[in-house]
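Asks: Submitted below is the structure of interest, expressed as structure tokens.
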Amino acid sequence: ALQFFGIRDVVQCYNLLTDESATWQARFRTRSLTYQQESGTGSDQPLPTRRSRKKDQFGVLTARYFKLSRNDISRMIIMLGLAPAVVFMMAMVPTEGIFDREIGLNITCNMMFVLACACFFIGMFGSISEISKERSIVRREYMTGMSLTQYLLSKVAVLAVLCLLQTVLIIVFFCLLIGHPEPEETLLFSPVAELGITAFLLMLASSSMGLLVSALVAKPDLGVTITVVLLLPQYLFSGLIFAVDGISEVISWITVCHWGIEGFGTICDLNGMKASVKIDLGQGLQTVYQEDYNTMFEFAREHLEKVWLILAVYLVVCMILTRFSLHKTVQE
């Protein structure tokens, strides 16, 4: 390929194929005909089967996507810089009393909500245009034997590495600048490790939603617009800001941020914290501190494991839907 296109890096061939596809197609046909005449081979020679072509595709596709991501330095800087930037902004607001069991319920709830929404946005932003910008390439390579499943898995593999790096950054900066939960008991691991696992699964599930949207839309800029639209349900149906009941509760079950907030709140043991409430004790309004039990934040190992499992299922379901959408795309 390097010799045929006269390039030094195989990544450059995609721009050539996009800009001058007819020219390169004609040149390939001419060289192919010449080769057949010189070697005595005919066009009726059996081609490798689709099954044999799929062998080792995952490694090749993953390496290619990793190289493309690595070469896009400006985008990579933005993606890795998002996590610290979000935490710096969170640290600029008053955080006094966070994780304090006697007075910290309100501020801790707010911070866990912002942290979950930040993880959702970072995950979506990293994947929302990854398939839509390659639609023509996917169609062309599918016709020559590329496995759509292997292609999708390669995307998930590289995005998982990116989400892991972003998770480390956002949790480390959060603990350094804001603090970390200190419940009376631990559930599975240390609270910081549990926060990291929950944030990673939330980012990865959000990335899978971004891939699904990217597979459904034809233009990358449309996907970015949809990301902004998808943020609103995360606020409304998370179950923290507004009470959910009836149909809104059903929507809350399929809102990925709901499970992120539930996981974070469980790790922090929000049910063991107290919130400031102003009540009239006959001598005017006075501030007292009361507990506010919420089944969302049940401090139990099984509850946290359930949240992690649901986020993993969310990832799998989005991947299945994305695979079906990809198949429809290449058939158009």
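Taking this note's numbering, I'd label the letters of the sequence shown as residues 10 to 341. Virtual Cβ for every residue (Gly too), placed ideally from N, Cα, C. If you're wondering where the values come from, they're calculated on a predicted model, not measured in any experiment.
(1) Suppose you measure from the CA of PHE333 to the CA of PHE129; what does that come to, to the nearest Å?
(2) Does DSSP put LYS76 in a helix, a strand or coil?
(3) Can you give, in chain order, each stretch of the alpha helix (DSSP H) that sits fully within the segment 195-243 and has at least 4 residues?
(4) What residue range does the alpha helix (DSSP H) around SER83 cover?
(5) Among VAL167, MET121, ILE112, MET152, which has the Cα closest to the Cα of LYS187?
(6) Is THR331 closer than 8 Å to LEU171 when the C-beta atoms are compared?
(7) Taking the C-alpha atoms as reference points, what is the distance between LEU173 and TYR160?
(8) Compute the distance between the beta-carbons of GLU258 and PHE306, then report whether it is under 8 Å.
(9) Distance check for ILE107 and TYR298, CA to CA, integer angstroms please.
(10) Do SER216 and VAL265 have their CB atoms nearer than 8 Å?
(11) CB-CB under 8 Å to TRP317, same chain, minus the five flanking residues each way: which ones, in chain order?
(12) State the DSSP-derived secondary structure class of GLU193, mapped to helix, strand or coil.
(13) By how many angstroms is the C-alpha of LEU320 removed from the C-alpha of ARG38?
(14) Which residues in the same chain as SER313 place their Cβ atom closer than 6 Å to its Cβ, once the five residues preceding and following it in sequence are excluded?
(15) Is SER156 helix, strand or coil by DSSP?
(16) Distance check for SER247 and VAL142, CA to CA, integer angstroms please.
(17) What are the start and end residues of the alpha helix (DSSP H) that includes PHE129?
(18) How many Å lie between LEU324 and ARG84 at the Cα?
(19) Which stretch, first to last residue, makes up the alpha helix (DSSP H) that contains THR331?
(20) Return the first residue and the last residue of the alpha helix (DSSP H) that ILE260 is part of.
(21) Nearest by alpha-carbon distance to PHE182: which of ASP28, ILE82, GLU311, ALA92 is it?
(22) In angstroms, rounded to a whole number, what distance separates the CA positions of PHE75 and VAL167?
(23) Could you compute how far the alpha carbon of ASP81 sits from the alpha carbon of GLY255?
(24) Per DSSP, what kind of secondary structure is ASP28 in: helix, strand or coil?
(25) Can you give the Cα-Cα distance for ARG148 and PRO192, rounded to whole angstroms?
(26) Look at the Cβ atom of LEU204, then the Cβ atom of ILE180, and state whether they are nearer than 8 Å.
(27) Quick one: Cα of ALA72 to Cα of PRO190, how far?
(28) Apply the 10 Å Cβ neighbour rule to ASP65 and answer buried if 16 or more other Cβ atoms are within range, or exposed otherwise.
(29) According to the neighbour-count rule (16 or more other Cβ atoms, all chains shown, within 10 Å of its Cβ), is VAL238 buried or exposed?
Replies: According to the structure data:
(1) 23 Å
(2) helix
(3) 200-225
(4) 82-100
(5) Checking the sequence shown, residue 187 turns out to be Ile, not Lys. Looking at the Cα atoms, MET121 is the closest of the given residues.
(6) no
(7) 20 Å
(8) no
(9) Bear in mind that the predicted position of TYR298 carries a pLDDT of just 49, short of 50, making it unreliable; the figure below should be weighed with that in mind. So the two alpha carbons sit approximately 14 Å from each other.
(10) no
(11) For TRP317, where only same-chain residues beyond five positions count, the Cβ hits under 8 Å are ILE206, THR207, LEU210, GLY272.
(12) coil
(13) CA-CA distance, ARG38 to LEU320, rounds to 49 Å.
(14) At residue 313 the sequence reads Leu, which differs from the Ser that was named. Excluding positions up to five away in sequence, the list reads LEU196, THR275.
(15) In this structure, DSSP gives SER156 a state outside helix and strand, which the three-state scheme calls coil.
(16) It is worth fixing the name first, because residue 142 is Lys in this sequence and not Val. LYS142 and SER247 have their C-alpha atoms some 31 Å from each other.
(17) That run of the alpha helix (DSSP H) goes 114-136.
(18) Between LEU324 and ARG84, the alpha-carbon positions lie close to 24 Å from each other.
(19) 310-340
(20) 256-262
(21) ALA92
(22) 6 Å
(23) 46 Å
(24) helix
(25) 52 Å
(26) yes
(27) 38 Å
(28) exposed
(29) Result: exposed.
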